[in-house]
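Participant: Following the numbering used here, the numbering of the sequence shown begins with 51 at its first residue and continues without gaps. Dumping the structure here so I can ask a few things about it.
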Amino acid sequence: MNKYTINDITRASGGFAMLAVDQREAMRMMFAAAGAPAPVADSVLTDFKVNAAKALSPYASAILVDQQFCYRQVVEQNAIAKSCAMIVAADEFIPGNGIPVDSVVIDRKINPLQIKQDGGKALKLLVLWRSDEDAQQRLDMVKESTNCATHTVW
Numbered sequence: 051m052n053k054y055t056i057n058d059i060t061r062a063s064g065g066f067a068m069l070a071v072d073q074r075e076a077m078r079m080m081f082a083a084a085g086a087p088a089p090v091a092d093s094v095l096t097d098f099k100v101n102a103a104k105a106l107s108p109y110a111s112a113i114l115v116d117q118q119f120c121y122r123q124v125v126e127q128n129a130i131a132k133s134c135a136m137i138v139a140a141d142e143f144i145p146g147n148g149i150p151v152d153s154v155v156i157d158r159k160i161n162p163l164q165i166k167q168d169g170g171k172a173l174k175l176l177v178l179w180r181s182d183e184d185a186q187q188r189l190d191m192v193k194e195s196t197n198c199a200t201h202t203v204w
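Set out below in structure tokens:
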């Protein structure tokens with residue numbers, strides 16, 4: 051399989067024009083705040099993300115999608131323009147303390163080889179940094195993701 055580089059997610063000029071629709075519970079909260087009927091259904095998030103991909107990906111160098119709500123759907127519906135790279139979130143958000151993302155772990159359900167076969171060019175991992183918490187957990191997560199990339203798992 052091909053090895054990808056940063057050039058696979060940039061415009062020809064080398065610039066980035068990325069569209070991020072990988073928000074999950076935070077997006078649900080935004081829809082609720084905007085007046086969507088509560089509870090905001092998963093299908094509302096999925097439909098929005100797929101429609102955003104269809105409408106906006108022709109103008110983006112890459113689009114960031116999540117496995118929970120839209121990865122399969124954008125692939126099955128060919129929602130991403132051929133000129134736009136797909137980046138899939140490889141993180142699982144753990145809510146807590148009244149916020150949608152209190153901590154993050156690597157999503158073990160991600161299948162990097164399948165994502166690559168589906169046209170994915172990269173995986174994204176959110177690393178939260180809080181000065182009042184021990185950095186070792188985050189350093190370990192970054193090290194693990196680097197090891198996966200080195201061994202062509204990602």
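Glycine included, every Cβ here is placed at the ideal spot set by N, Cα and C.
When we look at the beta-carbon of arginine 61 and count the other beta-carbons within 10 Å, is it buried (16 or more) or exposed?
Facilitator: Under this definition arginine 61 is an exposed residue.
Participant: With the cut-off set at 7 Å, would you say serine 68 and alanine 112 are in Cβ contact?
Facilitator: One point to set straight first is that residue 68 is methionine, not serine, in the sequence displayed. Yes, the pair counts as a contact, with Cβ atoms nearer than the cut-off.
Participant: Let me confirm a value: glutamine 73 is counted as buried when at least 16 other C-beta atoms fall within 10 Å, else exposed. Which label applies?
Facilitator: buried
Participant: Tell me which residue opens and which closes the beta strand (DSSP E) that leucine 114 is part of.
Facilitator: 112-115
Participant: State the Cα-Cα distance for the pair aspartate 184 and alanine 76, rounded to the nearest angstrom.
Facilitator: 25 Å
Participant: Lysine 174 lies in the beta strand (DSSP E); which residues open and close that run?
Facilitator: 170-174
Participant: Tell me, which residues are paired with aspartate 141 by DSSP?
Facilitator: Ile156
Participant: Given a threshold of 16 other Cβ atoms within 10 Å of its Cβ, counted over all protein chains shown, does glutamine 186 qualify as buried or as exposed?
Facilitator: exposed
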